[in-house]
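S.K.: Shown below is the structure under consideration.
Protein chains: 2
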Amino acid sequence: MVSDRGIGPDETNPGLVSAAIQAITQHIRVEGLGPGDLLPSEADMTRKLSVSRTVVREAFRSLSAMRLIDMSAGRRASVAKLDIGAMSMVIEHGVTTEQISIQQVYDVRRTIEMRTVALAALRRTDAEAAEIQKCAQLMRENYRAPEIVMEHDIAFHEAIARASHNPVFSLIINAFSGVTRRTWVIGWRTRATEEEQIRMIEGHADIARAIVAGNPQLAAEHMAAHFDKSVKALIDAGIA
Amino acid sequence: MVSDRGIGPDETNPGLVSAAIQAITQHIRVEGLGPGDLLPSEADMTRKLSVSRTVVREAFRSLSAMRLIDMSAGRRASVAKLDIGAMSMVIEHGVTTEQISIQQVYDVRRTIEMRTVALAALRRTDAEAAEIQKCAQLMRENYRAPEIVMEHDIAFHEAIARASHNPVFSLIINAFSGVTRRTWVIGWRTRATEEEQIRMIEGHADIARAIVAGNPQLAAEHMAAHFDKSVKALIDAGIA
DNA sequence: TGCTCAAAACCTGTATGACATGTTTTCTTG
DNA sequence: CAAGAAAACATGTCATACAGGTTTTGAGCA
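Residue numbers (the working numbering), protein chains in the order written: chain A, 1 to 240; chain B, 241 to 480.
Below, the structure is given as structure tokens:
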């Protein structure tokens, strides 16, 4: 279903540009570069690969689009810090081209967040716990302004992922944020009564409390309940 | 930790190229294009955006590098089918630049695969069940050739993800395959005795049987046991 | 009319040169 | 030795050219 061709991530895809991309990523690997370290200039690469600057530029630009490297005028490109970059674009592409359904995204989120919330309960620092609680609190305080609630909702889940202390979870959850931002309001609207909306916000507070209390089991249960309700809301709204 | 800037996936990142990328993705969205549908030619885009072909080309090329579009000489670019594309590059970048540890990858895989295996047990078609069993069988038959065992191992997990019938899971699991390919042999080597290696292969057979039997609970248990052993092997090998 | 096939039109892949503008290094000067 | 100007270097964008692949057109023929 995915990746029917038997090719790896940086396979030899005919074309000089692909070769240049591979050469750059290999340079990073071989030289053991880390975030912030400088890459060769376009001119250097042009000479090393014996191709035109056009080709080298397209390679650099592609890596920049994926946020694997940082580029800015006048200075050489550098290795980038981990960033959702390409990941969120892949997800959004899948959703907008109807190759991925919203429900499928929610299933993945549920799976992952059941874990991040448990890890967060075990590993969170006090500062992280405070931040998570603050997000829940801000949702409560702004419950009449859906857009603001949404942003704090998203921030809430991202903060939990961060508190799991596993950047891969953060990466994935953050990659979903764009999609969430486009569908969140649908779920909100199906919660017809104000009471129901408040209950949804309190669900977040429950999660936050469990994390603060360092109770992974309870946190996971509240998270599961939260997702079950969210998915139900989407189904009620007729989202496939 | 991830995405410290408050920017979305296709944010207004100064530069004409970013604008062009946004214009193209927006075109896909607005026109409701699906996989295979043709995009405007570079010349069209050049006129529409009033920028040079250089800029438009770098935009197309960037999307192509992320595998959101397909390009080939002579024909216009088209919307691509879902592909790990960029996703695996992000993961590999994170690992090679030491922003992600192997253990963190395994934790994510464990989390996700506990779910995919349960879904597979519930949703697999007979053909999918057969394929999964075949992978396990091929591991057994080739147990003296580590590289071959590895490829069938990876194919095994990918087949399970496919059988979950959620392309997002497939996407993520496939994105990890590259990293797995680079570390698998380490885990294998720590399984000193032949008996231990056979036990590892039999673990896969157990998982396959549970899927065939349509028992999600049992399948998840076997998968958990498998990952626990794998992680232990990596730790014994001194992988951070 | 309908079919074949070659020419034309269109498209992407790559190269080259030019210039604006931003950044770093160097060197002069006080 | 410090400050600032100049030079060197880097990327950002544009224009043009041509090779080679793909689609469309259309002429000629059955």
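No residue lacks a Cβ here, since even glycine has one placed at the ideal position from N, Cα and C.
1. If we require 3 or more residues per run, which beta strand (DSSP E) segments fall completely within the segment 293–364 of chain B?
2. Measuring alpha carbon to alpha carbon, tell me which of A:72, A:186 and A:61 ends up nearest residue 234 (chain A).
3. Give me the chain A residues within the contact set of residue 302 (chain B), using Cβ-Cβ distance strictly less than 7 Å, ordered along the chain.
4. Does DSSP put residue 38 (chain A) in a helix, a strand or coil?
5. Considering only the beta carbon of each residue, do residue 467 (chain B) and residue 350 (chain B) sit closer than 8 Å?
6. 8 Å is my cut-off, CB to CB: does residue 267 (chain B) come that close to chain A?
7. Do residue 95 (chain A) and residue 108 (chain A) come within 8 Å of each other at the CB atom, strictly closer than that value?
8. Please name the residue in A:92, A:130, A:80 and A:114 whose C-alpha comes closest to that of residue 221 (chain A).
9. What span of residues does the alpha helix (DSSP H) with residue 420 (chain B) cover, start to end?
10. So residue 398 (chain B) packs on residue 388 (chain B), CB below 8 Å; how close in whole Å?
11. Closest Cβ-Cβ distance between residue 243 (chain A) and chain B: below 8 Å?
12. Classify residue 44 (chain A): buried if its beta carbon has 16 or more other beta carbons within 10 angstroms, exposed otherwise.
13. In three-state DSSP terms, what is residue 282 (chain A)?
14. Could one say the Cβ of residue 142 (chain A) lies closer than 8 Å to chain B's Cβ atoms, at least one of them?
15. Assign residue 244 (chain B) to one of three DSSP states: helix, strand, or coil.
16. With a 10 Å radius around its C-beta and 16 neighbouring C-beta atoms as the bar for buried, classify residue 193 (chain A) as buried or exposed.
17. Could you tell me whether the Cβ of residue 234 (chain B) comes closer than 8 Å to any Cβ of chain A?
18. Measuring alpha carbon to alpha carbon, tell me which of B:297, B:331 and B:279 ends up nearest residue 513 (chain B).
19. What's the C-alpha gap between residue 287 (chain B) and residue 372 (chain B)?
20. Go ahead and pull the three-state DSSP assignment for residue 237 (chain A).
21. Would you decide whether residue 62 (chain A) is buried or exposed? Buried here means 16 or more other CB atoms lie within 10 Å of its CB.
22. Can you list the residues of chain A that residue 461 (chain B) reaches, using a CB-CB cut of under 9 Å?
M.R.: Result, derived from the coordinates:
1. For the segment 293–364 of chain B, whole beta strand (DSSP E) runs of length 3 or above, ordered along the chain, are 309–312 and 315–319.
2. The shortest C-alpha to C-alpha distance from residue 234 (chain A) to any of A:72, A:186 and A:61 is the one to A:186.
3. For the C-beta of residue 302 (chain B), the chain A residues within less than 7 Å are, from N- to C-terminus, 61, 62 and 65.
4. Strand, per DSSP.
5. With contacts defined by Cβ atoms closer than 8 Å, residue 467 (chain B) and residue 350 (chain B) form a contacting pair.
6. Under the Cβ criterion of 8 Å, residue 267 (chain B) is not counted among the residues facing chain A.
7. Result no, Cβ atoms of residue 108 (chain A) and residue 95 (chain A) do not sit closer than 8 Å.
8. Of A:92, A:130, A:80 and A:114, the residue nearest in Cα terms is A:114.
9. Membership of residue 420 (chain B) in the alpha helix (DSSP H) is indicated by the continuous run 407–430.
10. Wrong, their Cβ atoms sit about 16 Å apart, outside the cutoff.
11. It is not possible to answer for residue 243 (chain A), since the shown part of chain A is limited to 1 through 240.
12. Taking all protein chains in view, the Cβ of residue 44 (chain A) is surrounded by fewer than 16 other Cβ atoms within 10 Å, so the residue is classified as exposed.
13. With chain A represented from 1 up to 240, any question about residue 282 (chain A) goes unanswered, as that position is not in the structure.
14. With 8 Å as the cut-off, residue 142 (chain A) does not count as an interface residue toward chain B.
15. Note that residue 244 (chain B) has pLDDT 35, beneath the 50 cutoff, so the model's placement of it is unreliable and no number is given.
16. By the 10 Å Cβ count, residue 193 (chain A) comes out exposed.
17. Residue 234 (chain B) cannot be examined here, being either before or after the span of chain B that is shown, 241 to 480.
18. Here chain B comprises residues numbered 241 to 480, so residue 513 (chain B) is not present and cannot be evaluated.
19. Rounded to whole angstroms, residue 287 (chain B) to residue 372 (chain B) spans 51 Å at the Cα level.
20. It is coil, neither helix nor strand.
21. Result: buried.
22. The contacting residues do not exist; residue 461 (chain B) stays about 17 Å from chain A at best.
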